[in-house]
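Under my numbering, the first residue of the sequence shown carries the number 6, and numbering increases by one thereafter.
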Amino acid sequence: MHTAIVRLIADWLAHPTHGVAAQWNGVPLGDDPDITRAAVPQLGDESRREELARLQAPDALPAITVHAADQDSATVSLQPFPNDTEVEVVIRHILRNPNTTEALWHLDQGQRAIGRAMKRALVNLSGTPRNACFVTGITRYRAELEQSNDDTIHAMAHRYGLRVRDTWTTA
Numbered sequence: 006m007h008t009a010i011v012r013l014i015a016d017w018l019a020h021p022t023h024g025v026a027a028q029w030n031g032v033p034l035g036d037d038p039d040i041t042r043a044a045v046p047q048l049g050d051e052s053r054r055e056e057l058a059r060l061q062a063p064d065a066l067p068a069i070t071v072h073a074a075d076q077d078s079a080t081v082s083l084q085p086f087p088n089d090t091e092v093e094v095v096i097r098h099i100l101r102n103p104n105t106t107e108a109l110w111h112l113d114q115g116q117r118a119i120g121r122a123m124k125r126a127l128v129n130l131s132g133t134p135r136n137a138c139f140v141t142g143i144t145r146y147r148a149e150l151e152q153s154n155d156d157t158i159h160a161m162a163h164r165y166g167l168r169v170r171d172t173w174t175t176a
């Protein structure tokens, strides 16, 4: 089930009309004239790329990667939806930039584009199964900022708790 949901979310984020790239240029940049628009990151997920499954940063940056959180995060919800499971998906936006201020603005741009794409995903994917699984709701969201020791690589992890229904298991 985790792999099906990771692929579902990764494919949605790559969607040409509603995905991250489609949202990217519409994100307001703010009022600082020194901040430029970030390049649209490459997208990958752990089910298709081995280095991402090992949580290694890809060589080509900027990048957006999609992972399932550790297996302990999958818990069966007994009420009010007895056939639903919660899966935590982590979407990481990783970039290389020695200018920390600009990097933070670029992560902000990514956060807003990812958030808008995920909102549209919830509306459009609620009845679309992948391997007999589909997302019925977002239960929580948390963002975490990470920086390398030399402040050249920056990452923002977007953690989404997704309520998932497995129609094969519940049939």
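Using N, Cα and C, we set each Cβ at its ideal position, and we do this for glycine too. Small disclaimer: the values here were computed from a predicted structure and weren't measured.
Label residue i either buried or exposed according to how many other C-beta atoms from any shown protein chain fall within 10 Å of its C-beta, with 16 as the threshold for buried.
i, result
"Val81", "The predicted model places Val81 with a pLDDT of 46, which falls under 50 and marks its position as unreliable; any figure quoted below should be read in that light. That one is exposed."
"Gln114", "buried"
"Glu93", "buried"
"Arg97", "buried"
"Ala44", "exposed"
"Leu150", "exposed"
"Asp77", "Confidence is the limiting factor: at Asp77 the pLDDT is only 46, short of 50, which leaves the residue's position unreliable, though a coordinate-based value still follows. Exposed: under 16 other Cβ atoms inside 10 Å."
"Tyr146", "exposed"
"Leu13", "buried"
"Ala65", "exposed"
Out of the options, state which residue places its alpha-carbon closest to the alpha-carbon of residue i.
i, options, result
"Pro103", "Arg121, His23, Ser153, Val32", "Ser153"
"Ala122", "Cys138, Pro134, Ile143", "Ile143"
"Ala148", "Val169, Pro134, Gly120", "Gly120"
"Ala62", "Trp173, His159, Thr172, Thr8", "His159"
"Pro134", "Thr106, Leu109, Arg125, Thr172", "Thr172"
"Met6", "Ala162, Ala108, Val140", "Val140"
"Ala15", "Ile69, Arg164, Arg42", "Ile69"
"Val71", "Arg170, His163, Val169", "His163"
"Asp37", "Asn129, Glu107, Ala118, Arg125", "Glu107"
Which residues does DSSP pair with residue i in a beta bridge?
i, result
"His163", "Ile96, Ala148"
"Gly142", "Arg168"
"Arg135", "Cys138"
"Ala73", "Val94"
"Asp1", "Any question about residue 1 goes unanswered here, given that the chain covers just 6 to 176."
"Ala68", "Gln47, Ile99"
If you follow the beta strand (DSSP E) that residue i is in, where does it begin and where does it stop?
i, result
"Leu48", "47 to 50"
Do residue i and residue j have their C-beta atoms closer together than 8 angstroms?
i, j, result
"Glu51", "Val11", "yes"
"Glu91", "Gly31", "no"
"Leu127", "Met161", "no"
"Asp155", "Thr105", "no"
Note the first and the last residue of the continuous alpha helix (DSSP H) segment covering residue i.
i, result
"Val25", "25 to 29"
"His7", "7 to 18"
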